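Chains as they are written, first to last, in numbering that gives the first Met the number 0: chain A, 0 to 358; chain B, 0 to 367; chain C, 0 to 585.
Please read the structure below before turning to the comments.
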Amino acid sequence: MTELIVNNVQKWLGGLQILKGASFTAERGSIVALLGASGSGKTTLLRCIAGLEQPEIGRIVIGDKTVLDGERKIGLPPEQRNIGLVFQSYALWPHRNVRDNVGYGLKLRGVPQAEIASRVQAILDRLGLGHLAERYPSQLSGGQQQRVAICRALVYEPRVLLLDEPLSNLDAKLREEARYWIRKLILDLEICAILVTHDQSEALAAADNILLLQDGRIVQQGTPQDIYSNPNSFYSADFLGANNIVKGRIQKRSGRSTVIAGNGWSLNGTVREANGLGDSDEARAVIRVEQISVSDSPAPEGIEMHLDDSIYLGDKWEYRLRRGDFAAKAHGPRQMPSGKVWARIPAESVWVFAAAAPK
Amino acid sequence: MNGRNHGRSEMKHTAVSRLSGCSALVCVTLAMSPANAQDASLIDAAKKEGTVTIYTSTDAAQAQALLDAFTAKYGIKIAYNDVGTNGAYNQVISESAAGQVTADVVWTSAMDLQMTLVKDGYAVPFKSVEAGNIPSWANYQDTLYATTIEPIGMIYNTTALKEDRIPKTRADLIKFLQENQAELKGKVATFDPEKSGTGFLHHTNDARQTSNFWDLAKALGADGVKTYSSSGSMKETVVSGENVLAINIIGSYALDWVKETPNLGVAFGSDYTAAFSRLALISKGAPHPNAAKLFVDFTLSKEGQEALASGGLPSVREDVTSGLNIKTLNEKVGGGLKPIAVDEGLLEYMDPAKRVQFFNDWKAAIAG
Amino acid sequence: MATSHHSAAMLADAAIVDLPVPPHTARPAGDAPLFRNIAIGILALTVLAPVGLIVFQSFLSAPFFSPRAVLSLDAYAYIINDPTFYKALGTTTLFAFGMVAVAVPLGGLLAFLITRTDIRFKRLLEVLVLVPMFISSIVLAFGYTVSVGPTGFLSLAVRDLIGVVPWNIYSLAGMIAIAGLSHVPHVYLYVSSAMRNLPSDLEEAARTVGANIWRVSLDVTLPMVLPSLVFAASLNVLLGFETFGIPLVLGDPNGIMVLTTYIYKLTTLFGTPTYQLMAVVAMVLVLITLPLVWMQRRLLRNARRYAALGGKGSRVSSLKLGRSGQVIALSIIGLWLFVSVVLPIGGITVRAFVDAWGEGVNLVERLTFSNFYGMLQVPSLVRGMINTVLLSVVGGALAVGIYLLIGLAGHRNRGFSNTVLDYIVLLPRALPGLVVGLAFFWVFLFVPILTPLRPTLVSLFVAYVVVGLSYGLRLLQGTLIQVSPELEESARTTGATIGRTWWDVVIPIVRPGLAGAWALIMIIFLREYATGVYLMGAGTEVIGSLMVSLLTTGAMNTIAALALISIILTAAGLALALRLGARIHD
């Protein structure tokens, strides 16, 4: 069931257009991640959904309520949108204790005192905060504050839960735990959640759907697997994963298959540039680090490269490879002596794009 | 901010009563001698000192002519400190205690404070060459000299009260206050003796000098009199018509005010007009004793008195032609001028018990 | 206080008490302890000398320099048994709290409208609302007399219209209203800076959980700025206890007396000034003030709990007032500005250009320049103007330098000396300027090495620096605290000593703030009137004290002209302040 429709939302700040027509939908019981670099407009888009910013153009529907319609001059204030928002800073009210922070939304909705108490206690218990109800925000750790913020946004069962970089203030270990339990919680509660993040691993691990934003536009959307393995632009390909980027020139072309070559090397690849490429065009290839396999004995279809160094990473080794002006990283299970090696790079993993992003 | 006290005096000892029978003014005229020659060695010594420091309560504007004339004549600079009556008193006693005497001449209208300074030994005697040209009541033991004679009178708003309605005598005034209560209610002003030394002097002087002062106070009370701490506030309220009549104000100021303020009138009692004086003394340990003497001499000289009178402060000499002198002033106020004598009677109300008694009587009388 | 107190001041206040002081932490090496202790020590001496003198004087039977003076509690006994004292105390209390009751709600409302809504003419209003703060209360009082006194031009116009004058500014209520309205900026500054510093996401969070604008204002904004409201209230109670000009002029006709005018009366009541009694009342004022200051410190310490946890403060979305909301809001502000700026300044301006006014006087016929002309004829008045400008402009700049040194001495200072500093700064605030001036007069008279300075502007300057200390220092501390610690730490780790860090990093960064602080302190020095009454002498006259002194002889024309000149100078100072980018707001 579709809980959120965002249609062609455009927003200016002064003369600068921050959102250039974002459209997507989100379903109940699923998490949509808005992923992008800083300045890509993801937080602005979230604030537009929340009603904290007013886009000039576009339409937003939450549940069955149109909360924004640029043409019909509808723009409901945040409090009438039935949403929950978890702030990056958590924005807990320092003058209220945990119970009152969480219960405030219920109080505003006229829920009887006794029911507020039981519902607040229930959600606090569920997130392991039951014993902290009397504490003030300043007496909580960062992880506890984050969970209180989530409780506060969820307790009144909003149609859409918006999360603005909710994990960015947690340390690495907590973050991995949190993205797991937040996802589980949302799926259990069967609500619709929008997660803003600049961290690809967070998006990949937590979301059902990822919207990749660039410069105020959604440049690609899809499932995590889809968006990771089928990028439709250099930006998408480069934004996700750990990548090798190499510049060269198109040598041969037949349909999607192509050969890209540089000074002293050439590679078979696949054209992924949406508008295709011409012969002799300047081009860039993106190769995921994990797609290159290296061996110290000659391998069929492998190209001969020079291994500069092996670097120990704990669970694996990283190889620094070079051939002419083509430098690459790859991983393997063991240390190899510097010198001649053979790298196998499947043609379908060499994603070839135009040298500069088409304007 | 410190009220410029004008001192208070015991009226038993006024010059007038001592010279009963013969008008004080006439006697003074008879005693007048030709212009005194100033001692050349004093002038030389004073010029060497080069400067004279004055602590005073007189606005620079009123004294400017005197100061300019003195400096023009002798080339001696004047450091003129208008610090108010209390300021002058405070600075003199503090500086003396600190061994930092700065004032050469102390010249203020707080007759009682000036007398206190003399009694407490802050002044040195000095026989002015002009002593013979001023009334005897104006010279206290060749130490404290009266330099002006300033009548105490009333001001009124000419828009609200026409001149012909203004009472001429004390008795008339009391009657006027009693008979026009509806019109005057809350619109009569006078000094608050608690907050203003000037007011205290004027009121206590009246209490001693006239038999009907307490009748006046009761009549004021019945009109809902408002009391003020400064001449400025009273003048401003009468100018604006907020009050229509102010009583026991400093007449010398008022005579100036009416010149520049079209809707202000001034009046004096023809049967009785008290007058106070600005008193000058030379401080003990004065850094410029000769210049100080020269300045006091000059202030009392015809030339100096002319300058003061032209600035609106009537002269104690009869031979002064600019402005008012003690004689023309007496004519102007209707012949009832009663100067407050410079003598120890001024100290009577320094006694706290007497002060408090007066305050209590005053408050009871004006309670209405 | 003053001044221009304010966001910076608020921050600084918070900074002083919020520095966590770990128990018995050794001061880190290279923290310039010598400089800090010397600077704070000199300041302590400068402040404590006059204050100590007042305390000493209060326990004597006569002026402390008199041979008759002996230790005695008589002065206390007199005050304690004087019914007039209790009456004045009661009136003062009523006056101070009444003033707060007017100033705090209005100041809070103004702060809310200007920081939180889309009210129009915002930039202009931000400046205008501060204007009443920069006019000395004695000038205010004169101005009101001419415009809304019993025969003021507005009063007469209203009386012509409805038959009566429906107000009386000579009543306690009138005084409270005038003082309250003129102290609105003091509240506005603290509350508006609190509102500005309030992270917007706290309010947004409330909106996303379902609270409307007004609910948010009530449930989040108000409680969050409550400490600043209470702080502003207590500050204004304090200012109310010290107010002198308004009761002096407006309380006089009806004999309404407050503690400051009671002190004033004590100079004449017994013929000769009774310093011991004045000192006792000054002590009473200090004793009343100290608990208030203590409460303020407590408040600020508790405010730490309210310190926002992270959060972005930048993106403040303003509330839409709508057309009728705009009209209502602008009307409220307009009316207030009319009453607290236009009426007094208009009154003074009119008075300066006429020689008569009031009942039955056509003001147009009385127009004249003679008031100014007459003033220019008197050398001491002309000198007064020159001295005032000199003291404000040059003295203001020097004062900024001094406050900066003290500010640096207290900057990120964790030592005991900082607590000392905190109390010292607040002490002069508790004393009426008149008494501070008198005490400094004695200090300059009785301390041998200082005596040559007494007849110079230096003595006035020192007194002004101390009187302006709490305001000026907070201004500077507010500026200093904005330099992020990392900037200083990086300089230190790069190898700079603390002195070099201040010189190369801190001062360059705060330089724009210094220029603004200079202009604001200039204004504070311009409007000062009570401090110089005892200190000024021939050649060191200043406008404010001249006005007080002229009041006794009735030169109202001159007073009005001087007052207008002081307003014009203040306006010039304010324009300069804005030009220099004074952080009147952060």
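The beta carbon of each residue, even a glycine, is placed where N, CA and C say it ideally should be.
The structure presented is a predicted model; accordingly, all values stated were derived computationally and were not measured.
For C:A178, no chain A residue has a Cβ inside 7 angstroms of its Cβ, as the nearest lies near 31 angstroms away. Taking all protein chains in view, the Cβ of A:G313 is surrounded by fewer than 16 other Cβ atoms within 10 Å, so the residue is classified as exposed. Ranked by how close their Cα comes to the Cα of C:L234, the residues C:R67, C:V186, C:A156 have C:V186 in first place. Residue pairing by DSSP places B:Y227 opposite B:F190 in a beta bridge. Its Cα nearest to that of B:P288, the residue B:A122 stands out among B:V82, B:Q90, B:T226, B:A122. Contact holds between the segment 419–431 of chain C and the segment 455–475 of chain C, because three or more Cβ pairs, one in each stretch, are under 8 angstroms apart. Short of 7 angstroms from the beta carbon of C:V505, and not among the five residues preceding or following it, lie these beta carbons of its own chain, in chain order: L479, V482, E487. Around the CB of C:Q275, 16 or more other CB atoms lie within 10 Å, so the residue is classed as buried. For A:G109, the number of other beta carbons within 10 angstroms of its own is below 16, and it is reported as exposed. Against chain B, the beta carbon of C:N253 has neighbours under 8 angstroms at K225, listed in chain order.
C:S199 and C:S323 have their alpha carbons spaced roughly 25 angstroms apart.
Contact annotation for C:K264 against chain B: E193, K194 [CB-CB distance below 7 angstroms, chain order]. For a Cβ distance threshold of 7 angstroms, residue set A97 of chain B lies close to C:F445, ordered along the chain. Secondary structure of A:L45 (DSSP, three-state): helix. Rounded to whole angstroms, C:P447 and C:A398 show a C-alpha spacing of 24 angstroms. Those residues of the segment 95–124 of chain C placed with their C-beta closer than 7 angstroms to a C-beta in chain B do not exist.
Within 10 angstroms of the beta-carbon of A:V159 lie 16 or more other beta-carbons, which makes it buried. In chain order, T269 place their CB closer than 8 angstroms to the CB of A:E347, counting only its own chain and leaving out the 5 sequence neighbours on each side. Sequence-distant Cβ neighbours of C:F133 in its own chain, meaning closer than 7 angstroms and more than five residues away, are I522, R526, T569, L573.
The DSSP assignment places 171–181, 183–196, 199–207 as complete runs of the alpha helix (DSSP H) inside the segment 169–212 of chain C, in order along the chain (cut-off: 4 residues).
Selection C:L336, C:R510, C:P454, C:N361 evaluated against C:A396 yields C:R510 as nearest (Cα-Cα). A:F352 carries a strand assignment under DSSP once its states are collapsed to helix, strand and coil. Relative to the Cα of A:Y155, the nearest Cα in the group A:R80, A:S200, A:I286 belongs to A:R80. By the C-beta density criterion, C:T455 is exposed, having fewer than 16 other C-beta atoms within 10 angstroms.
Per DSSP, the unbroken beta strand (DSSP E) holding A:R343 starts and ends at 338–343.
Shown in chain order are the members of the segment 104–120 of chain B whose Cβ falls below 7 angstroms from a Cβ of chain C: D111, L112, T115.
According to DSSP, B:Y155 shares a beta bridge with B:L244, B:G264. Interface annotation, C:P222: in contact with chain A, CB-CB separation under 7 angstroms. With 16 or more other Cβ atoms from the protein chains shown falling within 10 Å of its own Cβ, B:R169 counts as buried. Judged by DSSP in its simplified three-state form, A:Q213 adopts strand. Boundaries of the alpha helix (DSSP H) harbouring C:A571: 555–578, taken from the DSSP string.
Against A:W92, the close residues of chain C are L201, A204, A205, D218, V219, P222, M223, in the order they occur along the chain (beta-carbon pairs closer than 9 angstroms). In the three-state DSSP reduction, A:T24 falls in the strand class (E or B).
Cβ-Cβ distances below 8 angstroms link A:P54 to V8, Q9, K10, L18, C47, L67, G69 in the same chain, with the five nearest sequence neighbours on each side left out; the list follows chain order. With the rule of 3 Cβ pairs closer than 8 angstroms, the segment 45–62 of chain B counts as touching the segment 282–300 of chain B. By the rule that beta-carbons nearer than 7 angstroms mark a contact, C:P246 does not touch chain B.
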